[in-house]
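In the working numbering, the protein residues as written are 6 to 317.
Presented below is the structure to which this report refers.
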Amino acid sequence: MLAVTKSGVRNWKPDALPDLTGKRYVITGGNSGIGLDAARMLADKGADIVIAGRNAEKINTAAASLQGGATGEIDTVQLDLSDLSDVRKAADTVRSRYEKVDGLINNAGIMQTPETRTVDGYELQLATNHLGHFLWAGLLFDLVEKAEGRIVTVSSIAHKFGTIFTDDLMLEERYSPTQAYGQSKLANMLFGLELHRRLAAKGSAVKSIVCHPGYSNTALQDTGPAGLLNFAYKFLNPLMAQPSALGAIPTVLAAAGEEAQSGAYYGPTGWGDARGPVGDSFVAMRGRNAERAQWLWEESEKLVDFEWDFLR
């Protein structure tokens with residue numbers, strides 16, 4: 006089983022952030038919810054922010070909302086993670102503009118969507134939440150390495166219930182919105198910890214850190230689930246979900262907290278990890294499975310047609 010770093014961080018809060026002037030953070034899905042809240046916290050400390058998202062109007066509006074209180078640069082990149090050709094195009098854009106990236110924050114995601122296939126023929130949730138980010142991080146790795154920076158993967162408490170369907174990864178035989186979401190979030194966990202293992206084996210200064218937002222009130226529950234699931238969230242969110250700003254704290258810790266360590270998993274630590282003080286969070290045994298992580302890594306390389314040769 007794959008070990009998880011225990012850093013000893015407890016009840017971490019954004020006021021512990023250092024001055025981030027001159028640091029650049031690229032955040033997918035930074036136009037709303039947890040992504041935008043995390044971007045704002047980093048910008049408040051002087052960081053340069055690049056918001057990557059699919060909708061040009063939304064990412065530009067989000068960037069404008071950060072400009073007023075920011076002392077660093079605010080930029081945008083159009084990116085559709087569900088389309089691998091678009092991921093490559095967006096990565097080329099980032100490479101043409103910046104020499105290094107201090108934090109690559111893989112935050113964007115979708116949740117419990119009806120069965121949909123991407124332009125590449127893949128299941129939409131796995132493609133968006135995992136495969137797109139897997140390729141994105143690989144294409145931009147050298148920019149992170151130049152900064153001796155961090156790759157942050159946002160997983161979920163849903164990883165505890167996820168299964169990697171090795172015999173039907175795209176769920177063509179047994180699709181359900183919840184199974185697809187759980188698989189994609191478990192894939193995030195396995196990727197982040199496997200990346201840490203490979204970085205450590207190579208003696209790289211780059212950190213791979215995984216985090217989760219607990220149960221936070223975001224657009225995920227409104228835009229993804231349909232039918233009864235959507236109806237249920239309209240009642241559950243006001244009763245149980247924490248504000249997205251609280252859900253963003255683990256992401257900020259992972260991206261820029263001085264206390265954060267590679268191979269760690271940060272998130273709320275109270276009430277089933279859904280909310281509460283932010284620190285070392287619980288990784289289910291299925292998320293620690295090194296054999297499954299290696300299988301997923303190799304399969305992902307084939308699916309996105311990209312090999313991380315520098316970490317072999």
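The beta carbon of each residue, even a glycine, is placed where N, CA and C say it ideally should be.
Note that the structure is predicted; figures quoted are calculated from it, not measured.
Identified DSSP bridge partners for residue i
i, result
"E128", "R122"
"Y180", "Bridge partners of Y180: none, in fact."
"T10", "A269"
"L109", "V31 and I156"
"T81", "I56"
"R280", "G275"
"D285", "Y271"
Residue i (DSSP reduced to helix, strand or coil)
i, result
"V211", "coil"
"G35", "coil"
"N134", "helix"
"A163", "helix"
"P248", "strand"
"M42", "Before going on, a small fix: residue 42 reads as Asp here, not Met. In the structure shown, D42 sits in a helix (DSSP, three-state: H, G or I)."
"L233", "With a pLDDT of 42 at L233, under the threshold of 50, the modelled position of this residue cannot be trusted; read the value that follows with caution. The answer is helix: DSSP assigns L233 an H, G or I state."
Option in the options with minimal Cα separation from residue i
i, options, result
"S12", "Q188, E128, A95 and E264", "E264"
"V159", "T123, H217, D49 and G27", "H217"
"Q83", "G252, T98, Y30 and M116", "T98"
"K63", "K50, G35 and T76", "G35"
"V211", "L191, A261 and S267", "S267"
"E177", "P119, L140, H201 and G252", "P119"
"L174", "A132, W313 and A75", "A132"
"Y127", "V215, F315 and L308", "L308"
"A152", "L191, W17, D42 and A261", "A261"
"Q117", "I32, A163 and Y103", "A163"
"G281", "V9, W17 and L7", "W17"
Where residue i falls, given that 16 or more other Cβ within 10 Å makes a residue buried
i, result
"T256", "buried"
"F146", "buried"
"S189", "buried"
"F196", "buried"
"E78", "exposed"
"D53", "buried"
"V283", "buried"
"G38", "buried"
"P345", "Past the boundaries of the shown model lies residue 345; the chain is included only from 6 to 317, so the question cannot be answered."
"Q72", "exposed"
"E199", "buried"
"A315", "For the record, residue 315 in the displayed sequence is Phe; it is not Ala. Exposed, because fewer than 16 other Cβ atoms sit within 10 Å of the Cβ of F315."
"R317", "exposed"
"D172", "exposed"
"D227", "The pLDDT assigned to D227 is 47, lower than 50, so where the model puts this residue is not dependable; a value taken from the coordinates is nonetheless given after this. When all chains shown are included, D227 counts as exposed."
"S249", "buried"
Review point. Are the segment 161–177 and the segment 291–299 touching by the rule of at least three beta carbon pairs closer than 8 Å?
Key: yes
Point to revise | Inter-stretch contact at 8 Å, needing at least 3 Cβ pairs: the segment 57–73 / the segment 265–284 | key: no
Check your understanding: At a cut of 8 Å, does the segment 95–110 reach the segment 181–188 through at least three beta carbon pairs?
Key -> no
Check your understanding: Taking three-plus beta-carbon pairs below 8 Å as touching, is the segment 46–61 in contact with the segment 21–32?
Key -> yes
Exercise for review: Determine, using beta-carbon pairs with one atom in the segment 296–303 and one in the segment 120–129, whether at least three such pairs fall under 8 Å.
Suggested key: no
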